[in-house]
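Notes follow once the structure below has been shown.
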Amino acid sequence: MIKVKEIEGKTMNENKSRENREVFLPGDEVGGGDLRAGAGTYSSDGKIFASQIGIKSIRSNFVNIIPMGGAYVPRIGDQVIAYVTEMGPTYWLTDIKSPYPAPLHVNDTPWKVDFGDTGKYLKVGDAIIVVISEVDEIRHVQISMREHGHRRLNTGLLMEMTPSKVPRVIGKSGSMISLIKDGANCRMFVGQNGRIWVDGEEDSMELALQALDMIEKHAHSSGLTDRVKTLLGGHRTESEKKPAEERKETPVKEMPAKEMPVKEAPVKEMPVKEAPVKETPVKEAPVKEAPVKEEGGGGSPKTDESPVKKEE
Numbered sequence: 001m002i003k004v005k006e007i008e009g010k011t012m013n014e015n016k017s018r019e020n021r022e023v024f025l026p027g028d029e030v031g032g033g034d035l036r037a038g039a040g041t042y043s044s045d046g047k048i049f050a051s052q053i054g055i056k057s058i059r060s061n062f063v064n065i066i067p068m069g070g071a072y073v074p075r076i077g078d079q080v081i082a083y084v085t086e087m088g089p090t091y092w093l094t095d096i097k098s099p100y101p102a103p104l105h106v107n108d109t110p111w112k113v114d115f116g117d118t119g120k121y122l123k124v125g126d127a128i129i130v131v132i133s134e135v136d137e138i139r140h141v142q143i144s145m146r147e148h149g150h151r152r153l154n155t156g157l158l159m160e161m162t163p164s165k166v167p168r169v170i171g172k173s174g175s176m177i178s179l180i181k182d183g184a185n186c187r188m189f190v191g192q193n194g195r196i197w198v199d200g201e202e203d204s205m206e207l208a209l210q211a212l213d214m215i216e217k218h219a220h221s222s223g224l225t226d227r228v229k230t231l232l233g234g235h236r237t238e239s240e241k242k243p244a245e246e247r248k249e250t251p252v253k254e255m256p257a258k259e260m261p262v263k264e265a266p267v268k269e270m271p272v273k274e275a276p277v278k279e280t281p282v283k284e285a286p287v288k289e290a291p292v293k294e295e296g297g298g299g300s301p302k303t304d305e306s307p308v309k310k311e312e
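Numbering (this note's numbering), first residue to last: 1 to 312.
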């Protein structure tokens, strides 16, 4: 059963800590020269100004303002976690934590859904991993589940976070999320809309939750990676110090070798049957005696010799 826990974002006063990054207000100058205006900024007279409240970030020669709050704005290709809110005969309506509705059509799922059978596959309240497949000029959104890894979430925890702080959770090249997954020994999926799925043992999920809460509270301060490492490393050290009884380690029992008696199979002597010799009677062929004809007697026997003609 999926449990949902919201992590409330808290904006820290920059005067309370020297580690906090500078916060820019709309209209503040954030750069110029060779830099180019990026997300959350605009340029005027060769200078770049902030168009929203947030933290400045420079990447690839672009100046960006990372917002400190606000709703999720969908973009094509974003991987998000959606909640099913309504069902129709050929579609589901979902909530992607955005002002814009996100329908999911049966043709955009890995299932072959008959007309009117949508309730057999997804129900209201189900959480699913989807991708933003279409966004038009008037913010009509279409989502899809046809790609690998898109599915319904049946176990674990779902947590809510400010969408603007998702890049801090992921880190550069996925460094932060890998740190949490390895340190807490759990599975995670971070949606671009600020919804995060965590699954694993109860202690592992609780530790991951603490790390995410730390990121939410200190997203705009430096040294965050070291703080998360200390949190995860300290928990691991305490776990290793616990005796075996507290860690509930089950000793491996060695099974005694049981000698099985070897039974000698009795040799069963098979009687040798002598095949009877069948004598075949020898049939004697009868001797046929030819009759002997005597010469000069009675009539002369007929011969095959032709009479010899005398010459005149």
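Beta carbons: idealized from backbone N, C-alpha and C, even for Gly. No experiment lies behind these values; they were computed from the predicted model shown.
Item: So, using beta-carbon positions, are LEU158 and ALA127 closer together than 8 Å?; Value: yes
Item: Quick check on the DSSP output: what are the complete beta strand (DSSP E) runs of length 3 or more inside the region 128-161, in order along the chain?; Value: 141-144 and 157-160
Item: What are the start and end residues of each continuous alpha helix (DSSP H) run of 4 or more residues lying completely inside the region 54-135, in chain order?; Value: none
Item: Drop a sphere of 10 angstroms on the beta-carbon of SER163, count the other beta-carbons inside from all chains shown, and report buried for 16 or more, exposed for fewer.; Value: Contrary to the premise, residue 163 reads as Pro rather than Ser in this sequence. Label assigned to PRO163: buried.
Item: I'd like to confirm the pairing. Which residues does DSSP put opposite GLU29 in its beta bridges?; Value: PHE49
Item: Taking the straight line between their C-alpha atoms, what separation do you get for TYR42 and ARG59?; Value: 16 Å
Item: The alpha helix (DSSP H) with ASP182 in it runs from where to where?; Value: 175-184
Item: Thinking C-beta only, is GLY31 closer than 8 Å to TYR83?; Value: no
Item: Flag this pair as touching only if the region 99-109 and the region 140-153 have three or more C-beta atom pairs under 8 Å; answer yes or no.; Value: yes
Item: Excluding five sequence neighbours on each side, which residues of the same chain lie with their C-beta closer than 7 Å to the C-beta of ASN13?; Value: Because ASN13 carries a pLDDT of 35, less than 50, the predicted location of this residue cannot be relied on, and the following value inherits that uncertainty. Answer for ASN13: no residue qualifies.
Item: Counting pairs of beta carbons, one from the region 205-218 and one from the region 93-102, are three or more of them closer than 8 Å?; Value: no
Item: Considering SER43, what are the terminal residues of the beta strand (DSSP E) in which it resides?; Value: 41-44
Item: So, ILE76 versus VAL135, is the Cβ gap smaller than 8 Å?; Value: yes
Item: Which residue's Cα is closest to the Cα of LEU232: LYS181, SER51, GLU29 and ILE53?; Value: LYS181
Item: State buried or exposed for ILE138, treating a residue as buried only when at least 16 other CB atoms are found within 10 Å of its CB.; Value: exposed
Item: VAL73: which of VAL198, GLU216, HIS140 and HIS218 sits nearest, CA to CA?; Value: HIS140
Item: Below 8 Å CB to CB, which residues in the same chain sit around PHE24 once its five sequence neighbours on both sides are set aside?; Value: VAL30, ALA50, ILE53, GLY54, ILE55, LYS56 and ILE65
Item: Closer than 6 Å by C-beta to GLY88: which residues in its own chain qualify, once you throw out the five before and the five after it? Chain order, please.; Value: none
Item: Quick one: is PRO67 buried, meaning 16 or more other Cβ sit within 10 Å of its Cβ, or exposed?; Value: buried
Item: Out of LYS120, VAL228 and GLY33, state which residue places its alpha-carbon closest to the alpha-carbon of GLY171.; Value: VAL228
Item: Determine the closest residue to HIS150 out of MET161, ILE132 and GLY33, with distance taken between C-alpha atoms.; Value: ILE132
Item: Out of VAL113, GLY46, GLY40 and GLU202, state which residue places its alpha-carbon closest to the alpha-carbon of GLU34.; Value: In the sequence as presented, Glu is not what sits at residue 34; that position holds Asp. Looking at the Cα atoms, GLY46 is the closest of the given residues.
Item: Starting from ASP199, follow the beta strand (DSSP E) in both directions and report where the run begins and ends.; Value: 195-199
Item: Answer yes or no: do GLY194 and MET161 have a C-beta to C-beta separation smaller than 8 Å?; Value: yes
Item: For GLY119, count neighbouring C-beta atoms within 10 Å of its own C-beta (all shown protein chains included) and say buried if the count is 16 or more, exposed if not.; Value: exposed
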